[in-house]
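One structure is given here, and the rest of the page talks about it.
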Amino acid sequence: METPPQALLSQKEKTIQKLFNLTNKKNIFTQLTDLLWQANPEIRKIIHASKNIEKIRQNLFKHFQNTELELLSLSETIPPNNQNITFEALKAFKNIISPKYENITKHSTLNTLLILAHQKKISANSDINLDFLIEMIYLLKSVSGQADIYHTASENLFQFLHTNGRKAAEIRTRILDELTKQVSIHFQKYPSGLEKNIPQIREKNKKRILAYFKGTEKDWHSYKWQIKNVIKDLKPINELINLHENEKEAIRLAALHHIPFGITPYYLSLMDQNHNQNYDQAIRAQVIPPLPYIKQMIKCKNRNSVCDFMEEYSTSPIDLITRRYPFIAIFKPFNTCAQICVYCQRNWEIQEVLDPHALASKEKIQQALNWFDEHPEIGDILITGGDPMIMTDQTLKFILDNLAQKPHVYRIRIGTRTPVVLPMRWTDKCLKMLASYHVPGQREIAIVTHFEHSAEISPASMSCIQKIRQKNLSVYNQQVFTPYNSRKFETAKLRRDLRLIGVDPYYTFNPKGKEETEDYRVPIARILQERKEEARLFPGLDRTDEPVFNVPRLGKNHLRAGQDHRLIMISPNGRRIYEFDPWEKNIQPVPSYHYTDISILDYLTKLSQRKENPQDYHTIWYYY
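The opening position of the sequence shown corresponds to residue 3 in my numbering, with each subsequent residue numbered one higher.
Encoded structure:
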């Protein structure tokens, strides 16, 4: 069931208490308001001095200008290690109080602060919430150089900074050893399916599932048997694993309203029989939809509307083709999968799991293939869908035969999740056929898959990847960064494990801002924090992926390119609003895109429910 609003508030309050070590002596809203004005007495003075918003705005701009000049002077009133954060915070603060961004977003952070300053008590039905107060507490601390990024420096660090030579190297080694020990503690929470006793547990799961479907060991290794027995409704899954009531209700409603749902027997074997908060939840979250998702999808269907968040229709010059970049195009001949990922970008296109009508007509496929002849600029073609590896070998061969005859096509990518959910699909016959199109120096065949968590790695998926690599085909991974794989060092562990089985991390996607997949969204600040504070600890080969934000209609924006996005507003409900420049910035005058993120507090509350300490993520607020 959905979390009642009051229960959610209680969960938030517990998270806040852990963040700020608050007591229960006063109302939590009052306590946070007190902390807000304590965070920056100078700004408090400016805002409290007047009710004229324009006068306050000008005085704040003047104050920020003076702070910047102080940062550039010889004065060290702001600690050197905090100065860069202060610069970034000042830039963000100036954005959110500017008339320009107030007009664009139809919000005014400054007005909200003015209300807080001059109203003794905020009504219960106010738009201002706890999320906003916390955002502003951290922002006010940042612009005064008081960002509490660093814990007290260790004695080892002090000694290292004041020592040279071999002695310094020995001290540095002790510091780095301590860091790796801390990481190892986190890594232990995220075992892959190759570690500990997990293979044995899953072998028992397999036997239980085979008994249910009256299958044999030989059947299990047949992808056709797996496909035949894909679970599409509540009864089988409810009899094979223990489900929460909300999971049961979501699956029941999905079946009733024809919302695509499906799980292969193999993927079901990766789930524990009894639910747990650790790796099992990461597996379940991929395919068992939350109730809000189902309800939103039902609304979408009832309105006969298209939930095309990415506006693919506006980038489809003809049916089956999507094009957002100069040299690349997407080809979608097949519109279904072996199972459905809840957060799927194209959930609005897929009618059902293993839809018998998923394959486009021969006429449409041929028209799409002919279109590539008319556009020789395109040399890199991604075959996706749906999952093209659910097509027959014959159909796949027909498509590859056609593409291979086009001299301008130098790379064919196949986007598929079958190595993760249906590894037995990669038969020797199929692999031999695929490898025949890989011609070094002329044409590359690359496999792009989607491992979302280390728990998805199994002996079967590793064997599948190794068979692909033995044919000299590259395998890349695209991870969607969700609440179920974004805990401290959780994605870092996935990268390490993927490299060890032969998969190169390629992209880490910020989840789409789709209304129905709200439960799968993660604040942009968290993906930036992960890249800086966790991924950066590892060798370059372990972090080859690029964190990206997919701008609807236009395409991927690199999140590490800080000059390509900016924080422009904090709404009264504590959600950050960003402005994104398109990838064509400085090439073509394409308009910016505005995006409302989820609240950081909501995200930390979700982590807290999974026994994470929100204090471990406290620097998230300083990534703008």
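Think of the CB as a built atom: it goes at the ideal place given N, C-alpha and C, for glycine as much as any other residue.
Restricting to Cα atoms, I'd like to know which of V592, D382 and I572 is closest to Y626. Nearest to Y626 by alpha-carbon distance, out of V592, D382 and I572, is I572.
Threshold first: 3 residues or longer. Then list the beta strand (DSSP E) segments lying entirely within the stretch 561–611, N to C. With a minimum length of 3 residues, the unbroken runs of beta strand (DSSP E) contained wholly in the stretch 561–611 fall at 567–572, 578–582 and 595–598.
Taking the Cβ atom as the reference point for each residue, do L159 and I177 lie within a distance shorter than 8 Å? Between L159 and I177, the CB-CB gap stays under 8 Å.
With DSSP as the reference, please indicate the residues paired to S476 in a beta bridge. When beta bridges are read from the DSSP output, S476 appears opposite A448.
If contacts are defined as beta-carbon pairs under 8 Å, then V553 and P584 qualify, I think. What distance do you get, rounded to the angstrom? Contact flag correct, Cβ pair sits at about 6 Å.
Rounded Cβ spacing between I80 and G147 (contact assumed at less than 8 Å): Their Cβ separation, rounded to whole angstroms, is 3 Å, which keeps I80 and G147 in contact under 8 Å.
With C-beta atoms as the reference, is Q347 less than 8 Å away from K558? Contact flag unset, no.
Quick one: what does DSSP say A257 is sitting in, helix, strand or coil? Helix at A257.
Cα-Cα separation between R577 and Y140, rounded to whole angstroms: Spanning the two alpha carbons is a distance of roughly 14 Å.
Among L92, Y315 and I342, nearest to V423 - alpha-carbon criterion: Of the candidates L92, Y315 and I342, the one whose C-alpha sits nearest the C-alpha of V423 is I342.
Looking only at DSSP bridge pairs, what is F333 linked to? DSSP lists I323 and I385 as partners of F333.
K276 to Q283, Cα distance in whole Å? Note that residue 276 is Asn in the sequence shown, not Lys. Rounded to the nearest angstrom, the two C-alpha atoms are 10 Å apart.
Whether M393 touches L361 by CB criterion (8 Å): A contact, by the Cβ cut-off of 8 Å.
Does the beta-carbon of I589 have 16 or more other beta-carbons within 10 angstroms, so that it is buried, or is it exposed? Answer is exposed; the Cβ neighbour count stays below 16.
Restricting to Cα atoms, I'd like to know which of I117, F66, P358 and I200 is closest to S2. Any answer about residue 2 is impossible in this case: the structure gives the chain only from 3 up to 626.
Would G388 and C432 be called neighbours here (beta carbons separated by less than 8 Å)? Result no, Cβ atoms of G388 and C432 do not sit closer than 8 Å.
Under the three-state DSSP convention, the category Y509 falls into: In the structure shown, Y509 sits in a strand (DSSP, three-state: E or B).
Is it the case that the Cβ atoms of E446 and H440 are separated by a distance below 8 Å? A contact, by the Cβ cut-off of 8 Å.
Proximal residues to L242 (C-beta, below 7 Å), its chain only, five neighbours per side dropped: Closer than 7 Å at Cβ, skipping near neighbours: R210, I211, Y214 and L270.
Report all residues from its chain with a CB closer than 8 Å to the CB of K53; omit the five preceding and five following residues, and keep chain order. Closer than 8 Å at the Cβ level, and outside the excluded window around K53, lie L116 and H120.
Cα-Cα separation, I18 to D521: Approximately 20 Å, taken between the alpha carbons.
Under 8 Å between C-beta atoms of L34 and I136: With a cutoff of 8 Å on beta-carbon distance, L34 and I136 are scored as near each other.
I367 versus P378, W350 and P335, residue with shortest Cα-Cα distance: With distances taken between CA atoms, I367 lies nearest to P335 out of P378, W350 and P335.
What is the rounded straight-line gap between the Cα of D133 and the Cα of E56? Linking D133 to E56 through their CA atoms gives a straight-line distance of about 25 Å.
Assuming contact is defined by CB atoms lying nearer than 8 Å, are K587 and D604 in contact in what I supplied? For K587 and D604, no; Cβs fall outside 8 Å.
In the DSSP assignment, the beta strand (DSSP E) including R415 goes from what residue to what residue? Counting along the chain, the beta strand (DSSP E) containing R415 begins and ends at R413 to G417.
Report yes if the CB atom of I503 is closer than 8 Å to the CB atom of L475, and no otherwise. Not a contact, by the Cβ cut-off of 8 Å.
When DSSP labels each residue in this structure, what does N559 get in the three-state scheme? In the structure shown, N559 sits in a strand (DSSP, three-state: E or B).
I151 by DSSP, collapsed to three states: which one? If DSSP states are grouped into helix, strand and coil, I151 belongs with coil.
With a CB to CB cut of under 7 Å and the five nearest residues on each side skipped, what residues in its chain are close to E517? Contacts found: Q298.
Helix or strand or just coil, what does DSSP make of P525? Looking at P525 - three-state DSSP - the assignment turns out to be coil, as it is neither helix nor strand.
Quick one: what's F551 bridged to in DSSP? F551 pairs with N559.
Looking only at its own chain, which residues have a Cβ that is under 7 Å from the Cβ of F89, when we skip the five neighbours before and after it? Within the same chain, F89 has close Cβ partners L73.
Starting from the N-terminal side, write out each stretch of the alpha helix (DSSP H) that is 4 residues or longer and does not extend beyond the stretch 164–222. Every alpha helix (DSSP H) stretch that sits fully inside the stretch 164–222 and reaches 4 residues is listed by chain position as 167–189, 200–215 and 219–222.
Count the other CB atoms, across all protein chains shown, that sit within 10 Å of the CB of T32; report buried if there are 16 or more and exposed otherwise. Under this definition T32 is an exposed residue.
How would you label Q531, buried or exposed, when you count the other beta carbons within 10 angstroms and need 16 or more for buried? By the neighbour-count criterion, in which a residue is buried when 16 or more other Cβ atoms sit within 10 angstroms of its Cβ, Q531 is buried.
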